[in-house]
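**Student:** First residue of the sequence shown: 1030, per our numbering; consecutive thereafter. Glycine residues also receive a C-beta, built at the ideal position from the N, C-alpha and C atoms. Because the structure is a prediction, the values reported are computed rather than measured. Pasting a structure below so you can have a look.
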Amino acid sequence: MDQERRKTIVREIEHWQRSKLLPEQYCDFLLNLYLEEGEKRAPTTFAGRAAVVVKGASVKQWLLTFGIFSLICFVFLYFTVFHPLLQIALSITGVYILLFIGQRYRAKNESVGIGLIGTGMLLMLGAGLYMLQLHTLEAWGWKAGLLAFCSLFWIAFGIGVRIPLLHLCGWMASFLVYAWLLSNNTESPKWFEIQLYWLPASFVFGWCSWFFHRWSRPVASILFVAGALVWFMPELYAAVFADAEFGLQLQLMVKIMAGGVLLFSLRKQWIAWVA
(Lines of atoms letter the chains of each structure in order from A and count residues from 1; the text may use other names and numbers.)
(Lines give C-alpha, C1' and ligand atoms only; values in the text may rest on other atoms or scores of the structure.)
Protein backbone atom coordinates (compact mmCIF):
# COMPACT_ATOMS: atom_id res chain seq x y z
CA MET A 1 0.00 0.00 0.00
CA ASP A 2 1.43 3.42 -0.95
CA GLN A 3 2.20 6.02 1.71
CA GLU A 4 -0.45 8.55 0.70
CA ARG A 5 -3.25 6.02 0.88
CA ARG A 6 -1.98 4.72 4.22
CA LYS A 7 -1.88 8.25 5.66
CA THR A 8 -5.41 8.93 4.40
CA ILE A 9 -6.73 5.78 6.08
CA VAL A 10 -4.92 6.62 9.34
CA ARG A 11 -6.37 10.15 9.36
CA GLU A 12 -9.85 8.76 8.75
CA ILE A 13 -9.51 6.27 11.62
CA GLU A 14 -8.27 9.05 13.93
CA HIS A 15 -11.29 11.12 12.91
CA TRP A 16 -13.58 8.21 13.83
CA GLN A 17 -11.80 7.94 17.18
CA ARG A 18 -12.15 11.65 17.97
CA SER A 19 -15.79 11.70 16.91
CA LYS A 20 -16.62 8.54 18.92
CA LEU A 21 -18.00 6.89 15.78
CA LEU A 22 -16.30 3.60 16.68
CA PRO A 23 -15.23 2.10 20.02
CA GLU A 24 -11.80 3.16 21.30
CA GLN A 25 -10.39 -0.37 21.30
CA TYR A 26 -11.50 -1.02 17.72
CA CYS A 27 -9.88 2.23 16.53
CA ASP A 28 -6.63 1.28 18.29
CA PHE A 29 -6.71 -2.12 16.60
CA LEU A 30 -7.19 -0.55 13.15
CA LEU A 31 -4.43 1.98 13.75
CA ASN A 32 -2.01 -0.76 14.74
CA LEU A 33 -2.78 -2.51 11.44
CA TYR A 34 -2.08 0.51 9.26
CA LEU A 35 0.78 2.17 11.16
CA GLU A 36 4.25 1.14 10.10
CA GLU A 37 6.65 -0.37 12.59
CA GLY A 38 8.31 2.32 14.68
CA GLU A 39 5.88 5.02 13.51
CA LYS A 40 4.44 7.09 16.36
CA ARG A 41 0.75 7.85 16.59
CA ALA A 42 -0.34 11.46 16.66
CA PRO A 43 -2.16 12.16 19.96
CA THR A 44 -5.92 12.44 19.56
CA THR A 45 -6.81 14.13 22.87
CA PHE A 46 -6.45 17.83 23.58
CA ALA A 47 -4.03 17.18 26.45
CA GLY A 48 -1.88 14.96 24.24
CA ARG A 49 -1.70 17.51 21.43
CA ALA A 50 -0.97 20.28 23.94
CA ALA A 51 1.87 18.24 25.43
CA VAL A 52 3.41 17.75 21.98
CA VAL A 53 3.18 21.49 21.24
CA VAL A 54 4.72 22.46 24.59
CA LYS A 55 7.49 19.92 24.21
CA GLY A 56 8.42 21.16 20.75
CA ALA A 57 8.15 24.89 21.50
CA SER A 58 11.24 27.01 20.92
CA VAL A 59 12.70 29.65 23.24
CA LYS A 60 11.15 32.44 21.16
CA GLN A 61 7.72 30.84 21.44
CA TRP A 62 8.09 30.51 25.21
CA LEU A 63 9.13 34.17 25.51
CA LEU A 64 6.27 35.27 23.27
CA THR A 65 3.75 33.28 25.33
CA PHE A 66 4.91 34.72 28.64
CA GLY A 67 5.09 38.19 27.12
CA ILE A 68 1.47 38.02 25.95
CA PHE A 69 0.38 36.62 29.33
CA SER A 70 2.19 39.45 31.15
CA LEU A 71 0.57 42.03 28.86
CA ILE A 72 -2.90 40.63 29.57
CA CYS A 73 -2.25 40.73 33.32
CA PHE A 74 -1.01 44.33 33.04
CA VAL A 75 -4.16 45.39 31.18
CA PHE A 76 -6.44 43.74 33.75
CA LEU A 77 -4.60 45.25 36.72
CA TYR A 78 -4.41 48.83 35.39
CA PHE A 79 -7.56 48.96 33.25
CA THR A 80 -9.32 51.40 35.60
CA VAL A 81 -6.56 54.04 35.36
CA PHE A 82 -6.46 54.10 31.56
CA HIS A 83 -8.07 56.88 29.53
CA PRO A 84 -11.67 56.04 28.50
CA LEU A 85 -10.70 55.97 24.82
CA LEU A 86 -7.91 53.51 25.60
CA GLN A 87 -10.34 51.38 27.60
CA ILE A 88 -12.72 51.28 24.63
CA ALA A 89 -9.88 50.46 22.23
CA LEU A 90 -8.62 47.62 24.44
CA SER A 91 -12.14 46.20 24.80
CA ILE A 92 -12.70 46.30 21.04
CA THR A 93 -9.32 44.67 20.47
CA GLY A 94 -10.12 41.84 22.89
CA VAL A 95 -13.52 41.26 21.29
CA TYR A 96 -12.01 41.30 17.78
CA ILE A 97 -9.30 38.79 18.72
CA LEU A 98 -11.83 36.38 20.22
CA LEU A 99 -14.14 36.67 17.22
CA PHE A 100 -11.28 36.26 14.74
CA ILE A 101 -9.81 33.21 16.48
CA GLY A 102 -13.27 31.71 17.01
CA GLN A 103 -14.21 32.10 13.36
CA ARG A 104 -10.91 30.61 12.20
CA TYR A 105 -11.24 27.72 14.65
CA ARG A 106 -14.77 26.80 13.53
CA ALA A 107 -13.33 24.93 10.54
CA LYS A 108 -11.47 22.60 12.93
CA ASN A 109 -13.89 22.41 15.84
CA GLU A 110 -17.33 24.00 15.52
CA SER A 111 -18.19 23.92 19.23
CA VAL A 112 -14.89 25.47 20.36
CA GLY A 113 -15.12 28.16 17.69
CA ILE A 114 -18.67 29.10 18.65
CA GLY A 115 -17.64 29.09 22.31
CA LEU A 116 -14.89 31.63 21.58
CA ILE A 117 -17.28 33.78 19.56
CA GLY A 118 -19.83 33.63 22.39
CA THR A 119 -17.13 34.66 24.87
CA GLY A 120 -16.28 37.62 22.66
CA MET A 121 -19.92 38.72 22.56
CA LEU A 122 -20.23 38.45 26.34
CA LEU A 123 -16.98 40.41 26.69
CA MET A 124 -18.48 43.17 24.56
CA LEU A 125 -21.53 43.44 26.82
CA GLY A 126 -19.65 42.93 30.08
CA ALA A 127 -16.89 45.42 29.28
CA GLY A 128 -19.48 47.99 28.23
CA LEU A 129 -21.47 47.62 31.45
CA TYR A 130 -18.28 47.76 33.52
CA MET A 131 -17.13 50.98 31.85
CA LEU A 132 -20.55 52.57 32.35
CA GLN A 133 -20.36 51.73 36.05
CA LEU A 134 -16.73 52.86 36.24
CA HIS A 135 -17.57 56.30 34.84
CA THR A 136 -20.82 56.61 36.86
CA LEU A 137 -23.09 56.51 33.82
CA GLU A 138 -25.91 54.83 35.73
CA ALA A 139 -28.90 56.20 33.80
CA TRP A 140 -31.03 53.50 32.18
CA GLY A 141 -30.64 55.14 28.77
CA TRP A 142 -26.90 54.39 28.66
CA LYS A 143 -27.46 50.72 29.44
CA ALA A 144 -30.33 50.49 26.98
CA GLY A 145 -28.18 52.09 24.29
CA LEU A 146 -25.34 49.66 24.96
CA LEU A 147 -27.68 46.68 24.84
CA ALA A 148 -29.26 48.00 21.62
CA PHE A 149 -25.82 48.28 20.00
CA CYS A 150 -24.91 44.77 21.14
CA SER A 151 -28.19 43.37 19.82
CA LEU A 152 -27.66 44.93 16.39
CA PHE A 153 -24.09 43.62 16.26
CA TRP A 154 -25.17 40.13 17.33
CA ILE A 155 -27.88 40.06 14.65
CA ALA A 156 -25.55 41.26 11.89
CA PHE A 157 -22.66 39.02 12.93
CA GLY A 158 -24.92 36.01 13.46
CA ILE A 159 -26.35 36.38 9.96
CA GLY A 160 -22.95 37.08 8.41
CA VAL A 161 -21.14 34.04 9.84
CA ARG A 162 -24.25 31.83 9.91
CA ILE A 163 -24.73 31.30 13.64
CA PRO A 164 -28.52 31.14 14.10
CA LEU A 165 -28.36 31.07 17.91
CA LEU A 166 -26.40 34.35 17.99
CA HIS A 167 -28.89 35.85 15.54
CA LEU A 168 -31.76 34.86 17.84
CA CYS A 169 -29.96 36.22 20.92
CA GLY A 170 -29.68 39.57 19.14
CA TRP A 171 -33.44 39.74 18.62
CA MET A 172 -34.10 38.70 22.22
CA ALA A 173 -31.79 41.48 23.44
CA SER A 174 -33.66 43.96 21.23
CA PHE A 175 -36.96 42.82 22.80
CA LEU A 176 -35.51 43.60 26.22
CA VAL A 177 -34.48 47.08 25.03
CA TYR A 178 -37.99 47.70 23.68
CA ALA A 179 -39.55 46.52 26.94
CA TRP A 180 -37.18 48.79 28.85
CA LEU A 181 -38.21 51.76 26.70
CA LEU A 182 -41.89 51.01 27.25
CA SER A 183 -41.51 50.66 31.00
CA ASN A 184 -39.78 54.04 31.27
CA ASN A 185 -42.12 55.93 28.95
CA THR A 186 -45.57 54.56 29.81
CA GLU A 187 -47.53 54.75 33.03
CA SER A 188 -49.88 51.93 34.03
CA PRO A 189 -50.92 50.82 30.53
CA LYS A 190 -54.12 48.82 30.14
CA TRP A 191 -53.95 45.17 29.13
CA PHE A 192 -55.13 45.89 25.59
CA GLU A 193 -52.54 48.67 25.22
CA ILE A 194 -49.78 46.22 26.15
CA GLN A 195 -51.10 43.84 23.51
CA LEU A 196 -51.02 46.64 20.93
CA TYR A 197 -47.42 47.45 21.86
CA TRP A 198 -46.23 43.96 20.92
CA LEU A 199 -48.61 42.02 18.66
CA PRO A 200 -48.05 44.08 15.47
CA ALA A 201 -44.33 43.26 15.73
CA SER A 202 -45.18 39.54 15.80
CA PHE A 203 -46.99 39.82 12.46
CA VAL A 204 -44.12 41.90 11.04
CA PHE A 205 -41.66 39.16 11.97
CA GLY A 206 -43.94 36.59 10.36
CA TRP A 207 -44.06 38.61 7.14
CA CYS A 208 -40.26 39.06 7.20
CA SER A 209 -39.86 35.30 7.61
CA TRP A 210 -41.93 34.78 4.45
CA PHE A 211 -40.05 37.55 2.61
CA PHE A 212 -36.53 36.29 3.42
CA HIS A 213 -37.12 32.54 3.05
CA ARG A 214 -36.36 32.65 -0.69
CA TRP A 215 -32.80 33.84 0.04
CA SER A 216 -31.92 32.28 3.39
CA ARG A 217 -33.88 29.59 5.20
CA PRO A 218 -31.86 29.91 8.46
CA VAL A 219 -32.62 33.64 8.63
CA ALA A 220 -36.29 32.97 7.88
CA SER A 221 -36.39 30.33 10.62
CA ILE A 222 -34.97 32.69 13.24
CA LEU A 223 -37.36 35.46 12.21
CA PHE A 224 -40.24 33.01 12.58
CA VAL A 225 -39.05 31.98 16.06
CA ALA A 226 -38.62 35.64 17.01
CA GLY A 227 -42.18 36.35 15.87
CA ALA A 228 -43.43 33.46 17.99
CA LEU A 229 -41.58 34.88 21.01
CA VAL A 230 -43.04 38.35 20.46
CA TRP A 231 -46.50 36.75 20.39
CA PHE A 232 -46.12 35.95 24.11
CA MET A 233 -44.16 39.07 25.09
CA PRO A 234 -47.25 41.07 26.23
CA GLU A 235 -47.89 38.57 29.03
CA LEU A 236 -44.22 38.49 30.01
CA TYR A 237 -44.04 42.28 29.96
CA ALA A 238 -47.19 42.55 32.08
CA ALA A 239 -45.78 40.12 34.64
CA VAL A 240 -42.32 41.72 34.89
CA PHE A 241 -42.79 45.45 34.24
CA ALA A 242 -46.49 46.20 34.70
CA ASP A 243 -47.04 44.01 37.80
CA ALA A 244 -50.34 42.83 36.34
CA GLU A 245 -51.66 39.60 37.77
CA PHE A 246 -55.41 39.79 37.20
CA GLY A 247 -56.44 37.86 34.11
CA LEU A 248 -52.84 37.12 33.12
CA GLN A 249 -53.33 33.35 33.12
CA LEU A 250 -56.51 33.71 31.05
CA GLN A 251 -54.71 35.92 28.52
CA LEU A 252 -51.90 33.41 28.25
CA MET A 253 -54.27 30.50 27.67
CA VAL A 254 -56.17 32.44 25.00
CA LYS A 255 -52.89 33.37 23.28
CA ILE A 256 -51.70 29.75 23.31
CA MET A 257 -54.94 28.53 21.76
CA ALA A 258 -55.02 31.34 19.20
CA GLY A 259 -51.38 30.71 18.29
CA GLY A 260 -52.03 27.00 17.92
CA VAL A 261 -54.98 27.68 15.60
CA LEU A 262 -52.88 30.05 13.48
CA LEU A 263 -49.99 27.60 13.22
CA PHE A 264 -52.31 24.75 12.27
CA SER A 265 -54.28 26.72 9.69
CA LEU A 266 -51.11 28.13 8.06
CA ARG A 267 -48.92 25.06 8.50
CA LYS A 268 -48.38 24.52 4.76
CA GLN A 269 -47.04 28.06 4.39
CA TRP A 270 -44.75 28.47 7.41
CA ILE A 271 -43.28 24.96 7.22
CA ALA A 272 -42.16 25.78 3.67
CA TRP A 273 -40.46 28.94 4.96
CA VAL A 274 -38.43 27.31 7.72
CA ALA A 275 -37.91 23.71 6.55
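1) Please report the Cβ distance between Leu1176 and Val1206, rounded to the nearest whole angstrom; I am assuming they are in contact, meaning their Cβ atoms lie under 8 Å.
2) Which residue comes first and which comes last in the alpha helix (DSSP H) that contains Thr1122?
3) Roughly how many angstroms lie between the CA atoms of Cys1179 and Thr1122, to the nearest whole one?
4) Check whether the Cβ atoms of Val1104 and Leu1119 sit closer than 8 Å, and answer yes or no.
5) Compute the Euclidean distance between the alpha carbons of Gly1149 and Ile1184, then round it to the nearest angstrom.
6) When we look at the beta-carbon of Ser1250 and count the other beta-carbons within 10 Å, is it buried (16 or more) or exposed?
7) Locate the alpha helix (DSSP H) running through Pro1229, then write down its first and last residues.
8) Pick out whichever of Pro1052, Gln1090, Leu1163 and Leu1195 has its Cα sitting closest to the Cα of Phe1111.
9) Going by C-alpha to C-alpha distance, which of Leu1154, Trp1169 and Pro1229 sits closest to Asn1214?
10) At the level of alpha carbons, what is the spacing between Lys1049 and Tyr1055?
11) Between Leu1295 and Arg1040, what straight-line distance do the alpha-carbon atoms span, to the nearest angstrom?
12) Are at least three pairs of beta-carbons, each pair with one atom in the stretch 1186–1197 and one in the stretch 1222–1232, less than 8 Å apart?
13) How many Å lie between Gln1278 and Ser1245 at the Cα?
14) Trp1260 CB to nearest chain D CB: under 8 Å?
15) Using only alpha-carbon positions, find the residue among Pro1218, Met1201 and Gly1174 that is nearest to Ala1255.
16) Between Tyr1159, Ile1143, Phe1221 and Gly1157, which lies nearest to Ala1267 when the distance is taken from Cα to Cα?
17) Measure the Cβ-Cβ separation of Leu1181 and Gly1199 and say whether it is below 8 Å.
18) Quick one: measure Cβ to Cβ for His1242 and Trp1302, integer angstroms, because I've assumed they're closer than 8 Å.
19) In the structure shown, what three-state DSSP assignment does Thr1215 receive?
20) Could you give the DSSP three-state label for Ser1203: helix, strand or coil?
21) Going by the beta-carbon positions, is the gap between Lys1284 and Phe1253 smaller than 8 Å?
22) Looking at C-alpha atoms only, which residue of Phe1293, Leu1292, Ala1271 and Glu1264 is the closest neighbour of Met1282?
23) State the Cα-Cα distance for the pair Ser1217 and Leu1258, rounded to the nearest angstrom.
24) Could you give the first and the last residue of the continuous alpha helix (DSSP H) run that contains Val1248?
25) According to DSSP, simplified to helix, strand and coil, what is Pro1263?
26) Would you mind sorting Leu1127 into buried or exposed? The rule is 16 or more other CB atoms within 10 Å of its CB.
27) Exposed or buried, which one is Gln1116 when buried takes at least 16 other CB atoms within 10 Å?
**Tutor:** According to the structure shown:
1) Indeed, because the Cβ distance is near 5 Å, the residues count as touching under 8 Å.
2) Bounds of the alpha helix (DSSP H) holding Thr1122 are Pro1113 to Tyr1134.
3) So the alpha carbons of these two residues sit roughly 16 Å apart.
4) Yes, these two residues count as a Cβ contact at 8 Å.
5) Gly1149 and Ile1184 have their C-alpha atoms roughly 14 Å apart.
6) The residue is buried, with at least 16 neighbouring Cβ atoms inside 10 Å.
7) Start and end: Trp1220 to Phe1241.
8) Checking every option, the nearest Cα to that of Phe1111 belongs to Leu1163.
9) Answer by Cα proximity: Trp1169.
10) Roughly 11 Å between the two C-alpha positions.
11) If you take the alpha carbons of Leu1295 and Arg1040, they lie about 48 Å apart.
12) With the rule of 3 Cβ pairs closer than 8 Å, the stretch 1186–1197 does not count as touching the stretch 1222–1232.
13) The C-alpha of Ser1245 is placed about 37 Å away from the C-alpha of Gln1278.
14) Looking at the structure shown, chain D is missing, and only one protein chain is on hand.
15) Of the candidates Pro1218, Met1201 and Gly1174, the one whose C-alpha sits nearest the C-alpha of Ala1255 is Met1201.
16) When the alpha-carbon of Ala1267 is set against those of Tyr1159, Ile1143, Phe1221 and Gly1157, the nearest one is in Phe1221.
17) Yes, Cβ-Cβ distance for Leu1181 and Gly1199 is below 8 Å.
18) Between Trp1302 and His1242 the Cβ distance is about 4 Å, and since that is below 8 Å, they are a contact.
19) Thr1215 falls in the coil class under three-state DSSP.
20) Here Ser1203 sits in helix by DSSP.
21) Judged by beta-carbon spacing, Phe1253 lies beyond the 8 Å limit of Lys1284, meaning their Cβ atoms are not closer than that value.
22) Closest by alpha carbon: Glu1264.
23) If you take the alpha carbons of Ser1217 and Leu1258, they lie about 23 Å apart.
24) Note, Val1248: alpha helix (DSSP H), Arg1246 to Trp1260.
25) DSSP places Pro1263 in helix when its eight states are reduced to three.
26) Under the 10 Å beta carbon count, Leu1127 is surrounded by 16 or more other beta carbons and is classified as buried.
27) Burial of Gln1116 is indicated by the presence of at least 16 other C-beta atoms within 10 angstroms of its C-beta.
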